[in-house]
Structures are given as structure tokens and as C-alpha cells.
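Which chain is which? The protein sequence lines are A and B, in order.
Using full-length UniProt numbering, you'd call the opening residue of the first sequence number 1 and step up by one each time.
Using full-length UniProt numbering, you'd call the opening residue of the second sequence number 1 and step up by one each time.
Here a beta-carbon is modelled for each residue, glycine too, at the ideal position from N, C-alpha and C.
First the structure, in the form of C-alpha cells, and then the observations on it.
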Amino acid sequence: MPVIEVRNLHKRYRGKVAVEDVSFTVERGEIFGILGPNGAGKTTTVECVEGLRRPDRGTVSVLGFDPVRDAAEVRSRLGAQLQEARLPNRMRVREALDLYASFYPEPADSGELMDVLDLTAQRDTGFAKLSGGQQQRLSIALALIGDPEVAVLDELTTGLDPQARRDTWAMVERIRDRGVTVLLVTHFMEEAERLCDRLAVIDAGRVVAVDTPSGLVARVEPEGRIRVRFRPSAPLPEALLRDLPEVRSVEWSGEQVRVTGTPEVLHAVTSVLARNQIIAADLRVEQTSLDDAFVALTGRTLED
Amino acid sequence: MLAKITLMEFRLFVRDVVGPALIVALPVALLLGFGFMPGGTKASEDLAGQSAAEYIASIDVGIVLVVLGFTILPSVISDYREKGVLRRLGTTPVRPSLLLAAQLLIYSVSALLVVAMVVLLGDMIFGTPVPERLGSFVLAVLLGMGALFGIGLLVAAVAPSGKAGTGIGMALFFPSMLFGGVYIPREKEAAAMRAVGDYTPLGATLKTVRDSWQGLDPHPSQLVALAAYAVVAVAAAVRFFRWESR
Numbered sequence: 001m002p003v004i005e006v007r008n009l010h011k012r013y014r015g016k017v018a019v020e021d022v023s024f025t026v027e028r029g030e031i032f033g034i035l036g037p038n039g040a041g042k043t044t045t046v047e048c049v050e051g052l053r054r055p056d057r058g059t060v061s062v063l064g065f066d067p068v069r070d071a072a073e074v075r076s077r078l079g080a081q082l083q084e085a086r087l088p089n090r091m092r093v094r095e096a097l098d099l100y101a102s103f104y105p106e107p108a109d110s111g112e113l114m115d116v117l118d119l120t121a122q123r124d125t126g127f128a129k130l131s132g133g134q135q136q137r138l139s140i141a142l143a144l145i146g147d148p149e150v151a152v153l154d155e156l157t158t159g160l161d162p163q164a165r166r167d168t169w170a171m172v173e174r175i176r177d178r179g180v181t182v183l184l185v186t187h188f189m190e191e192a193e194r195l196c197d198r199l200a201v202i203d204a205g206r207v208v209a210v211d212t213p214s215g216l217v218a219r220v221e222p223e224g225r226i227r228v229r230f231r232p233s234a235p236l237p238e239a240l241l242r243d244l245p246e247v248r249s250v251e252w253s254g255e256q257v258r259v260t261g262t263p264e265v266l267h268a269v270t271s272v273l274a275r276n277q278i279i280a281a282d283l284r285v286e287q288t289s290l291d292d293a294f295v296a297l298t299g300r301t302l303e304d
Numbered sequence: 001m002l003a004k005i006t007l008m009e010f011r012l013f014v015r016d017v018v019g020p021a022l023i024v025a026l027p028v029a030l031l032l033g034f035g036f037m038p039g040g041t042k043a044s045e046d047l048a049g050q051s052a053a054e055y056i057a058s059i060d061v062g063i064v065l066v067v068l069g070f071t072i073l074p075s076v077i078s079d080y081r082e083k084g085v086l087r088r089l090g091t092t093p094v095r096p097s098l099l100l101a102a103q104l105l106i107y108s109v110s111a112l113l114v115v116a117m118v119v120l121l122g123d124m125i126f127g128t129p130v131p132e133r134l135g136s137f138v139l140a141v142l143l144g145m146g147a148l149f150g151i152g153l154l155v156a157a158v159a160p161s162g163k164a165g166t167g168i169g170m171a172l173f174f175p176s177m178l179f180g181g182v183y184i185p186r187e188k189e190a191a192a193m194r195a196v197g198d199y200t201p202l203g204a205t206l207k208t209v210r211d212s213w214q215g216l217d218p219h220p221s222q223l224v225a226l227a228a229y230a231v232v233a234v235a236a237a238v239r240f241f242r243w244e245s246r
């Protein structure tokens, strides 16, 4: 049985459609990502999973329970980290964990969670005096204090600096190592690529694709495409490159040339250059990324 | 569970300092300040036969209730909504309504304790009579609390943000203080203003508390007005309360 199953979810607010038609399943022990631009319906989708919203159509099941009908069951087994949810300014880290621990039948150990999430030094610090990263880690700790089977994390690294973001990613991996199934909402490509076992790409309230990050890339570029960019040190007849079987296209922009082709294209190009005693300055190799896949799947970039 | 949340909310309330100062220190300071003024314990013609100490003691009761109901209650609850505290609780096995219950509990109990303290301090230091009509006095305090807290809850229900909750609360607070006869004794107000003031939530609270304190029967229509404010405001608050902003 999947841990989370969402089937043909549809939700509108005041006549405006937030989620048109979303379906996916999450298996036990996965980190499953929901990736999409702002306003795609990601948060509404997970709010239906958390039981905060009632779907207009479709079904949601968490560990076999309906989040609306069996709300008590779902709430005691699912931990949520909400986007932009804060705590009272003067509530201290330790107090928040102890208070939330008392809500659950078999809570996790709050001392251990503080250790894992690197909050022990802040145990007596009020929420408003914590840094953004510490607040975010406390929010994750609160999502885990009930010792949940499922954790839903919504935009957990938004507003964090790059270092704090990387630390948080490592934290999420440790959560999964504890056996928790993670549903992760993000609009950061790098985060999705780094953390997720599988992803649902959502755009305008619909699922565009569900696959592993590399599976999504392969859908867009079945053979896997490599781009090589460089500035040749001497005039380079374009035919030299074009005639290589590994090369699919050659484009110039000023003195720079961009060669696209199969995974062997780099070797082929450098061999030709060596034979002709041309040096490739500012050499860059790029692979089709999840970014490219996203653009190909949705027709736009995430930042749009 | 309610006990645990209430204890936490009480700690936060005390840590805030401003709230406790307004509802404990201010009433005590007023009582002592006016009571120790020369002639503070003598019956005054200007105050319908009450001494300044006794008069200020009943004003204290009104201040405690209106500060809690119009300023602290709406500001804290609408801030909790804006911060997502209520929504966050909604994902746990605990219902967010428990947090509202805890809030109302600490404010009601604090208010009653401060009222009891003012009554006792006034009696011990200045010999203000402990309300001669204890039943009417308690009824007036409870109805006043219902009206003022109910309106505060209604403000909290509709305010879109913490700032708005505080702002609307303040916009009710100052005119209430004026019409209720806190800034100038009711006896010195123009008749028209007094007629209106006696039926505002705070004015009616103060008048019925003062009357029962002096051993008079509180005006039934003012008690009914308070009950009506309480019922209508609470019903509207329940109807319009939102657990999340947006």
C-alpha cells in the first residue's frame, strides 16, 4: 500500500481553480518532491494531504486514512512543516518542543531532536530571537516531534542562505534515514535534484510528469545530450566539427562556439582540436539538467 | 491538554510584561494614588456620594476588563492567526479552538483575580465597602466581561492581521474610555453624553459595577444591554472566525 495516494484531486477557492487535476502516489521511505512554479497548486495539494483543506473532487489517502474523515488518525501520524508558519515571539525552543510533544500519543525525544537539528544551544531562546535557519530547523523539529510516519515539508529552504540550505538538505536526508516518508514541496530545482527519489512536476494545477530526476531528464533527452562551449585559440573551420558523427549542432556567438552532441562529443571535439593544434580556452561542459527538463515539460522556467 | 496549553499561554502573557503591567500595576497604582490623595476616602458630592478611593476602585474593574478585552485579546489572537500559529495547530491532534479557550481562560481568571485584589486592597487600606450587593456586583462584572471580551473576540475574528487587530481594538478602546466616564467622572459629563455612555459596553459595565458597589440596584436595562452585547458579539465571532489569514 502506498503511504500517500492522491487521485484526481481538484480544489477551487472562490471560483478560482487552485488544483485542476493532480494524481500521484508516494511509497514508504521515499523522499517525494512536488516541483512547480509559484501558484502551480503545490501548497493546496499538500494542504489536502495534511487535512487542512477538503478536496472539491478526487480522493486523498494517507496511510490508508482519509485526511478529512479520519482526521484524528492522520494528524497523529503525519508531521507538517507549513510554509511561513511562525510561533509566538517569546515561546522558547524547548517549550515549543515540549508543548507539541504533549499533543501526540508517542512523541519523539525532544532532547534528541534538538541535537539532530542543531538547536541544543538555542533551547532557551525565544522564537523571535532565532535566526531564519534556526526557526526553520525548529519548524522541522516540530514536524517530527510526534514521531510521524510521514513528514510534509513545504518550501523548507525558502529564505535561507546557501549554507543553511545545504545543512537543511542534509537534515532531510537524515529524517528519511530514520524511516520517515517525506513529501517535499519546492520550487528550487537544485533542491529537487539533490533530495528527491521521485518528483511530480506540477504546472497550472496539473501533474505534467512523475518520475525520478534522471528519468525526467531522460524524457527530454533520451540519449543524454552534452553541450561543450569554448573559445578556439585559432580560426576553426566549422566543417571540422560538423563532420564529427558525435556532433548534432554547432552554434557561434561571437568568438565562442557551442557544440552539442552525444555523451562522447567532448572527447571527439578535443581530439579534433588537438590534431589541428587549436587550444580550447574557457572550456565549459554542460549536461541537460532538470532545469532544461522542466522548461521542456512546462514550456517555461521555474522563475517565471 | 487544555491545562498544558493554558500554562504555556500564561507564561507568554507574563513574559510580555506590558499586559500584566496594565492589568495589575496600573489598577493598583490608580487605587493607591487616588486613595492616598487628601480627602481620598471622604464621600464626594462630585462622585455621587462615593469616595475617590471607592470610585477609582470601580473604575479599576472597568479598566482591567476593557484592557484585556479590547487591546490584549484581539491583538494576540489576530497575531496568532497572521503568524499561522492557529493553522499550525490544525495539523496536530490538538484543535486550534483549545488555544482560544486557553486565551479566554487566562484573561477571565486574571480579570477576576485583579478585581478581587482591588476589592480587598480597597477594603483593607481605604475602608471602601466590599460591595454591599455582592450578587449584583458579581453579575455586573461577569456580564461586563462577557460584553467586553465578546467584542474583543469579534474583533479578533474579523481582523485580517495582528496590526489590524491591535488597531481596531485601540479604535474601540479610547472612545470607550471617554464615553464610559474613565477620563472624566460620569457626573461631570453632559447629560446627552452620559445617556449614550451608560449604554456603551464599558459605560454600562462601570455604571452597574459602581451602583452595586454603593449598595444600589444596578439598572436592569444596563444589565440587559451588557448581556445583549455579549450574546451578539460572541455569536458573530463564532460565525465569522477564521483560522487562517488570506
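- Between B/Arg88 and chain A, the shortest Cβ-Cβ separation is below 8 Å.
- Looking at the backbone, the Cα of B/Gln222 and that of A/Ser110 are separated by about 53 Å.
- Look at the segment 236-286 of chain A and you find these whole runs of alpha helix (DSSP H), each 4 residues long or longer: 238-242, 265-275.
- Taking C-beta atoms under 8 Å as the contact rule, A/Leu241 and A/Val269 qualify, at a distance of about 7 Å.
- Counting along the chain, the unbroken beta strand (DSSP E) around A/Lys16 starts and ends at 16-26.
- Ranked by how close their Cα comes to the Cα of A/Arg77, the residues A/Val210, A/Gly146, A/Pro245 have A/Gly146 in first place.
- Against chain A, the CB of B/Pro27 has no partner CB under 8 Å away; the residue lies outside that interface.
- Beta-bridge partners of A/His187 (DSSP): none assigned.
- In this structure B/Val209 is not in contact with B/Ser108, their Cβ atoms being roughly 16 Å apart against a cut-off of 8 Å.
- Bounds of the beta strand (DSSP E) holding A/Gly79 are 78-81.
- Straight-line spacing of the CA atoms in B/Val238 and B/Ile151 works out to 11 Å.
- A straight line joining the alpha-carbon of A/Arg231 with that of A/Thr45 spans about 47 Å.
- Taking a beta-carbon distance threshold of 8 Å, A/Leu184 does not count as an interface residue toward chain B.
- By the criterion of a C-beta distance shorter than 8 Å, A/Asp70 is surrounded by no residue of its chain, once the five residues flanking it on both sides are discounted.
- Against chain B, the beta carbon of A/Phe103 has neighbours under 8 Å at Met1, Thr92, Pro93, Val94, listed in chain order.
- A/Gly33 carries a strand assignment under DSSP once its states are collapsed to helix, strand and coil.
- By the Cβ rule, the segment 35-50 of chain A counts as touching the segment 10-19 of chain A, because three or more pairs are nearer than 8 Å.
- Contact between B/Ala53 and B/Phe137 does not hold, since their C-beta atoms are separated by about 16 Å, which reaches or exceeds 8 Å.
- According to DSSP, residue pairing for A/Val68 in a beta bridge does not occur.
- A straight line joining the alpha-carbon of A/Val250 with that of A/Ile226 spans about 12 Å.
- CA-to-CA, the gap between B/Asp217 and B/Thr205 works out to about 13 Å.
- When DSSP states are grouped into helix, strand and coil, B/Ile184 belongs to the coil group.
- Of all C-beta pairs linking the segment 104-119 of chain B to the segment 187-205 of chain B, fewer than three are shorter than 8 Å, placing the two stretches out of contact.
- Listed along chain B, the residues sitting closer than 8 Å to A/Leu82 by beta-carbon distance are Gly84, Arg87, Arg88, Thr91.
- In the three-state DSSP reduction, A/Arg227 falls in the strand class (E or B).
- Within the DSSP bridge table, the entry for A/Thr181 names A/Val150 as partners.
- A residue is called buried once 16 or more other Cβ atoms fall within 10 Å of its Cβ, and A/Arg92 is buried on that count.
- B/Tyr199 carries a coil assignment under DSSP once its states are collapsed to helix, strand and coil.
- Comparing alpha-carbon positions, the option among B/Gly146, B/Pro20, B/Leu154, B/Ile184 lying closest to B/Ala227 turns out to be B/Gly146.
- Non-local beta-carbon contacts of A/Gln134 in its own chain, meaning distances under 7 Å to residues more than five positions away in sequence, involve Leu119, Gln122 in chain order.
- Of the residues A/Ala209, A/Arg174, A/Arg166, the one whose Cα lies closest to the Cα of A/Phe188 is A/Arg166.
- If one requires a minimum length of 4 residues, the alpha helix (DSSP H) runs lying completely within the segment 14-95 of chain B are 26-35, 52-66, 73-83, 85-90, in chain order.
- Note: A/Pro232 is bridge-paired with A/Ala280 in the DSSP secondary-structure output.
- In the structure shown, B/Ser97 falls within a helical segment according to DSSP collapsed to helix, strand and coil.
- Under the DSSP definition of a beta bridge, A/Asp118 lacks any partner.
- For B/Arg239, the uninterrupted alpha helix (DSSP H) segment begins and ends at 220-240.
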